[in-house]
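Q: Attaching a single structure in structure tokens format; questions to follow.
This is the structure we're talking about:
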């Protein structure tokens, strides 16, 4: 979860730096970037409090042209958010601590909001177009993020 949040935060940060968004669109991408980085920070803090090692930040790679125009960027954003949602939902049954589960559910809810925001930017109507989110097993999450430099 920590590495996935870093991947998303880095992706949105690069989108902001690319200068492909303006006005309210830029404000939304900045807000999502800030949320993803806050999630990563909260997860790192929790790992530290539990005495676990915080994973090193990988060198992320993104497909060529990802940051060349808003449509290409938003297409990839529309694939990231469901992976984050599914990762939290898939992991929830394994979480034994109610405190950790509560934190994970809080992040899951924010990721659902991000998916809706990206749908709005992609002109999907209605933006909340799913009645149920899909839980993803760890193997599917790992396969989804492997092309971006994340292994294990």
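In the working numbering, the protein residues as written are 2 to 153.
Positions of the beta carbon are idealized from the N, C-alpha and C atoms, including for glycine.
Given the structure is predicted, the values throughout are model-derived calculations rather than measurements.
By Cβ distance, which residues of its chain are closer than 6 Å to residue 2, with the 5 residues on each side in sequence left out?
A: For residue 2, where only same-chain residues beyond five positions count, the Cβ hits under 6 Å are 44.
Q: Nearest to residue 58 by alpha carbon, out of 6, 83, 104 and 131?
A: When only C-alpha atoms are compared, the closest one is 6.
Q: Please report the straight-line C-alpha distance between residue 128 and residue 105, rounded to a whole angstrom.
A: Taking the straight line joining both Cα atoms gives about 23 Å.
Q: Measuring alpha carbon to alpha carbon, tell me which residue in 117, 138 and 101 is nearest residue 51.
A: Per the Cα distances, 101.
Q: Can you give the Cα-Cα distance for residue 70 and residue 47, rounded to whole angstroms?
A: Approximately 36 Å between the Cα atoms of the pair.
Q: Quick check on residue 68: buried or exposed, where buried means 16 or more other Cβ atoms within 10 Å of its Cβ?
A: The residue is buried, with at least 16 neighbouring Cβ atoms inside 10 Å.
Q: Which value, in whole angstroms, describes the spacing of the CA atoms of residue 14 and residue 95?
A: Approximately 31 Å between the Cα atoms of the pair.
Q: Suppose the cutoff is 7 Å on Cβ atoms and the five residues either side in sequence are ignored; what does the same chain contact list for residue 38 look like?
A: Result list for residue 38: 10, in chain order.
Q: Going along the chain, which residues of its own chain have a beta-carbon closer than 6 Å to the beta-carbon of residue 29, five neighbours each way excluded?
A: Cβ neighbours of residue 29 beyond the five flanking positions: 118.
Q: Just tell me which of 85, 49, 126 and 63 has its CA closest to the CA of residue 36.
A: Of the candidates 85, 49, 126 and 63, the one whose C-alpha sits nearest the C-alpha of residue 36 is 85.
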